[in-house]
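These notes are about the structure you will find just below.
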Amino acid sequence: MTPQAFFDLSARLNAGLRDREVLFCSFGGETSDFVRLNQGRIRQAGSVRAARLGLTLIDGSRQADASCDLAGDRDADLARARDLIARLRERLGHVPEDPYLHYSNEPWESERRVGESPPDPRALIADLITAAQGLDLVGIWASGEIQEGLASSLGHRHWHASQSFNLDWSCYLRGDRAVKSGYSGLVWDAQILTNKLDTLRLGLEVMARPVRTVQPGRYRAYLAPAAVSELMDMLAWGGFDLKSHRTRQTPLLKLVRGERTLNSNVSIREEHARGLQPRFTAEGFEKPGTVTLIEGGRFAGCLVDARDGKEYGEPVNAAGGSPESVALDAGDLPDADILARLGTGLYIGNLWYCNWSDPNDCRVTGMTRFGTYWVERGAIVAPLAVMRFDDSLYHLLGDRLEGLTAGRDLIISPQTYDGRGTDSYLLPGILVSGIDLAL
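In terms of the working numbering, the sequence shown opens at residue 833 and continues consecutively.
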């Protein structure tokens, strides 16, 4: 659907509103190519074209919402949407007043496009299969355009379109030995994929060596950006939303109170201007380009969605309480010096199954997995047996943090359950003087 077609549909629906009714129309669509691979061969390939209309009907302090798929037929889509509004109107008479109903009464307009069209997936996957000859490669490729729109009877008119790609894959050696990798972004660079495949082959060579088992204890470690993203996911779980802070349920409560601090080089931001997410919320509010969450190791601010903004009297700066385009500031550790600076310890490529073990102390537990190695005197010598870690982020991002890499990886969510994911991370790797392995 084009922006104008969406705005025209919204205008025709607005013409049928009654009295003081307010209507917000949202659009979500994608045109995506998917390729699934197994054992270095294509197992499934296809394309998806999807379009969905969301409707929120408001009358005074009551609201009701629903959604429907769009067929691309102008008259049929209009009829389906009008029928949906009629049912929402009936429902409004039975729903209670909403004390936290909050939407923008100030109409504004925007149109934004990010990213570039990736290469033809047929040619790209053919090149990947050739380059990965001899590897047991399993993964999924997803690419194409994602569209989001918003229009209201108050005059809001917004359109956001993003082009991105995501290649999420692993290469297996045998048993449970494998190396995981990924490449996602807005602009395709074939050399980056080549470099990642070269690194992956070196990792598989290490995986072929006898496994090193270490005893529970504290070990010096480097955590790659993919592992850091798991820690950022944990912080997103109640760490930054306003309601968790006002109800004192945030795992960062000690940081907020000034009882604990993070390393002065740790600054975490929500970068609305960078990510694949639109700069508008479903309620018509504008997201600022950047929201600083942690600055110089100290808590700086919360993410405030429309409902929390109404409840606590704060300006809206996000669509929800969890970051969508999170970034951790880079440091000055050159990527080429990582192993030398690590010396002897753990190179952790990925973390899995993370959860809070003690949220009051911001303590996280999880498992190491693919691409975790034992390093001696600056050289990778053996794969590490799977271990469970249990440690506080006040240590890993605080008093035990020795450095953040100068390079950062852009990681886009590979989720495809209700459409391609648009959450993203821009993260460095981190070097810590110790991480606690529990078993």
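Backbone N, C-alpha and C fix where the C-beta goes; we use that ideal spot for every residue, glycine too.
Nothing here was measured: the structure is a model prediction, and the numbers come from that model.
Residue i burial status per 10 Å Cβ neighbour count (16 or more: buried)
| i | result |
| --- | --- |
| A1068 | buried |
| A1211 | exposed |
| H988 | buried |
| N1182 | buried |
| G1049 | exposed |
| R873 | exposed |
| A903 | exposed |
| Q1023 | exposed |
| V1207 | buried |
| G1253 | buried |
| H926 | exposed |
Secondary structure of residue i, DSSP reduced to three states
| i | result |
| --- | --- |
| L1029 | helix |
| P1042 | coil |
| V1207 | strand |
| A883 | strand |
| K1119 | coil |
| N846 | helix |
| G904 | coil |
| R1278 | Because the chain spans 833 through 1271 in this model, residue 1278 falls outside it and cannot be assessed. |
| H992 | strand |
| P835 | helix |
| D1021 | coil |
| E853 | coil |
Contact test: residue i Cβ vs the ligand NAP heavy atom, cutoff 8 Å
| i | result |
| --- | --- |
| G1107 | Of ligands this structure carries none, so the ligand NAP is not represented either. |
Rounded distance between the beta-carbons of residue j and residue i, thought under 8 Å
| i | j | result |
| --- | --- | --- |
| V898 | L924 | The identity of residue 898 in the sequence shown is Ala, whereas the question assumes Val. Rounded, the Cβ-Cβ distance is 12 Å, inconsistent with contact. |
| L1178 | A1053 | 4 Å |
| C1134 | D1065 | Not really, about 18 Å apart at Cβ, beyond 8 Å. |
| E990 | E941 | Looking at the sequence itself, residue 990 is His, so the reference to Glu does not match. Yes, H990 and E941 are in contact; Cβ-Cβ is about 7 Å, under 8 Å. |
| E1102 | V1158 | 6 Å |
| D901 | A883 | 7 Å |
| T1197 | A1270 | 7 Å |
| I1243 | P1057 | 7 Å |
At which residue ranges does the segment 1146 to 1205 contain complete alpha helix (DSSP H) runs of 4 or more residues, listed in the order of the chain? The segment 1146 to 1205 is shown to contain whole alpha helix (DSSP H) runs of 4 or more residues at 1170 to 1174, in chain order.
Would you call the segment 1128 to 1140 and the segment 1148 to 1155 touching, i.e. three or more CB-CB distances under 8 Å? Verdict: yes, contact present.
Under 8 Å, with one C-beta from each stretch per pair, do the segment 1038 to 1047 and the segment 1152 to 1164 reach the 3-pair mark? Three or more beta-carbon pairs separated by less than 8 Å are not found between the segment 1038 to 1047 and the segment 1152 to 1164, which leaves the two stretches without contact.
Between the segment 1000 to 1017 and the segment 967 to 974, do at least 3 Cβ pairs fall closer than 8 Å? Counting C-beta pairs with one atom in each stretch, the segment 1000 to 1017 and the segment 967 to 974 have three or more that are closer than 8 Å, which means they touch.
Taking 8 Å as the cut-off, does the segment 949 to 959 touch the segment 834 to 849 (at least 3 CB pairs, one atom from each stretch)? As far as the Cβ criterion goes, the segment 834 to 849 does not touch the segment 949 to 959, which means the pair count is below three.
Evaluate contact between the segment 1255 to 1271 and the segment 979 to 987, counting only Cβ atoms and requiring at least three cross-stretch pairs below 8 Å. At 8 Å Cβ cutoff, the stretches do not touch.
Touch test, the segment 1203 to 1218 against the segment 1076 to 1095, Cβ-Cβ under 8 Å, three pairs minimum: Judged by Cβ distances under 8 Å, the segment 1203 to 1218 makes no contact with the segment 1076 to 1095, as fewer than three pairs qualify.
Does the structure place the segment 1227 to 1238 close enough to the segment 1096 to 1108 that three or more beta carbon pairs sit under 8 Å? A contact exists between the segment 1096 to 1108 and the segment 1227 to 1238.
Stretch pair the segment 1239 to 1247 + the segment 1219 to 1230: three plus CB contacts closer than 8 Å: Under the three-pair Cβ rule at 8 Å, the segment 1239 to 1247 does not count as touching the segment 1219 to 1230.
Specify whether the segment 1106 to 1119 and the segment 935 to 950 touch according to this definition: at least 3 beta carbon pairs, one from each stretch, less than 8 Å apart. Because the criterion of three Cβ pairs below 8 Å is met, the segment 1106 to 1119 and the segment 935 to 950 touch.
Identify every run of the alpha helix (DSSP H) within the segment 1038 to 1112, keeping only runs that are complete inside it and at least 4 residues long; order them along the chain. Entirely contained in the segment 1038 to 1112, the alpha helix (DSSP H) runs reaching 4 residues are, in chain order, 1057 to 1068, 1074 to 1078, 1085 to 1088.
Within the segment 916 to 989, ranges of the beta strand (DSSP E) (whole runs, at least 3 residues): Taking 3 residues as the minimum length, the beta strand (DSSP E) runs contained wholly in the segment 916 to 989 are 941 to 946, 968 to 984, in order along the chain.
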